[in-house]
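*Asks:* My questions will all concern the structure given below.
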Amino acid sequence: MTEAALAMTDTPEIEATEYEAPPALDLAAMVAARLCHDFISPASAIVSGLDLLEDPAAQDMREDAMGLIAASARKLVDHLQFCRVAFGASSSAERFDSRELENLAQGVFAHVRAQLEWKVEPASLSKVAARTVLNLAQIAGGVLPAGGLATLVASEDNGEIAITITAAGQRARMRAEVVSGLRGEPVGDGLAGQWIQAAYLKSMLEANGGSVSFEPGEEQIVFTARAPV
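Under the working numbering, the sequence shown has 675 at position 64, and the numbering climbs by one with no breaks.
Pasting the structure below:
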């Protein structure tokens with residue numbers, strides 16, 4: 612078995628699994644944990660930079676402190692803007708411009724080792740399709756810890772949006788929690804913050820007549836999804 616398939620069983624196709632879903636309040640707490648995971652690092656780095664600026668004994672590090680604050684602030688804003696759409700806070704909009712979605716996705720990829728190639732044909736996407744491409748893009752970036760290329764392709768097909776993301780790179784692998792979430796399985800003893808994004812994506816798609824699956828390969832993982840136009 613390749614390293615890409617390390618966290619998977621012999622059946623990568625996602626199948627519906629019956630289990631008792633956590634209470635709504637627990638799910639909300641898991642989403643909050645996921646968001647805190649993304650926000651705490653840059654926020655803490657900003658505070659560290661401010662502490663350096665205020666330290667009289669560290670004035671020779673003033674330029675480094677300003678650089679740290681600027682970079683961390685950009686990362687924090689990029690993740691905040693991304694999450695507003697990916698997790699549904701921008702609920703007033705029913706359709707999203709594909710160029711704006713690309714900017715959101717590229718903003719997140721600017722802070723990871725992997726790169727994103729965006730090949731979305733429709734000029735705009737429905738709310739469900741927009742959330743799907745953003746969440747799948749971030750998941751694909753997460754399976755490439757050593758870097759690589761995530762190629763996102765989306766096109767209209769028989770009244771739906773067909774989405775394929777190929778995450779290719781050395782040491783491509785999925786966390787067990789992400790696999791469980793995409794399969795509709797409970798989180799178990801894993802990291803809830805990693806599980807909830809995949810579980811949210813699967814639940815959202817199934818509630819709207821869509822689907823999601825994944826397939827491991829040689830140093831790559833291919834994600835496919837179908838969402839309403």
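Cβ coordinates follow ideal geometry from the N, Cα and C atoms, glycine included. If you're wondering where the values come from, they're calculated on a predicted model, not measured in any experiment.
Pop quiz: D649 and C694 are said to be a contact at Cβ under 8 Å. What is the actual Cβ separation, rounded to whole angstroms?
*Replies:* Going by Cβ atoms, the distance from D649 to C694 rounds to 7 Å, so yes, they are a contact pair.
*Asks:* Assuming L745 contacts A836 under a Cβ cut-off of 8 Å, what Cβ separation, rounded to an integer in Å, is found between them?
*Replies:* Going by Cβ atoms, the distance from L745 to A836 rounds to 12 Å, so no, they are not a contact pair.
*Asks:* Assuming Q692 contacts L727 under a Cβ cut-off of 8 Å, what Cβ separation, rounded to an integer in Å, is found between them?
*Replies:* With 8 Å as the limit, Q692 and L727 do not qualify as a contact, their Cβ atoms being about 16 Å apart.
*Asks:* Does the beta-carbon of D621 have 16 or more other beta-carbons within 10 angstroms, so that it is buried, or is it exposed?
*Replies:* Reliability fails at D621, whose pLDDT of 42 lies under 50, so the model's placement of it is uncertain and no value is given.
*Asks:* Considering only C-alpha positions, which residue in the set A765, I832 and V840 is nearest to G780?
*Replies:* If we check each option's Cα against that of G780, I832 comes out closest.
*Asks:* Within the continuous alpha helix (DSSP H) that includes Q781, where are the two ends?
*Replies:* Here Q781 belongs to no alpha helix (DSSP H), and DSSP marks it neither H nor E.
*Asks:* Within the continuous alpha helix (DSSP H) that includes V719, where are the two ends?
*Replies:* Looking at the DSSP string, the run of the alpha helix (DSSP H) that includes V719 is S709 to F720.
*Asks:* Which whole-angstrom value is the C-beta distance of A644 and A803, which I expect to be below 8 Å?
*Replies:* Sure, about 6 Å apart at Cβ, within 8 Å.
*Asks:* Only counting the same chain, and skipping five residues up and downstream in sequence, which positions put a Cβ closer than 7 Å to that of S709?
*Replies:* These residues qualify, in order along the chain: V731, P733, A734, S735 and L736.
*Asks:* Who are R706's beta bridge partners in DSSP?
*Replies:* According to DSSP, R706 bridges with S737.
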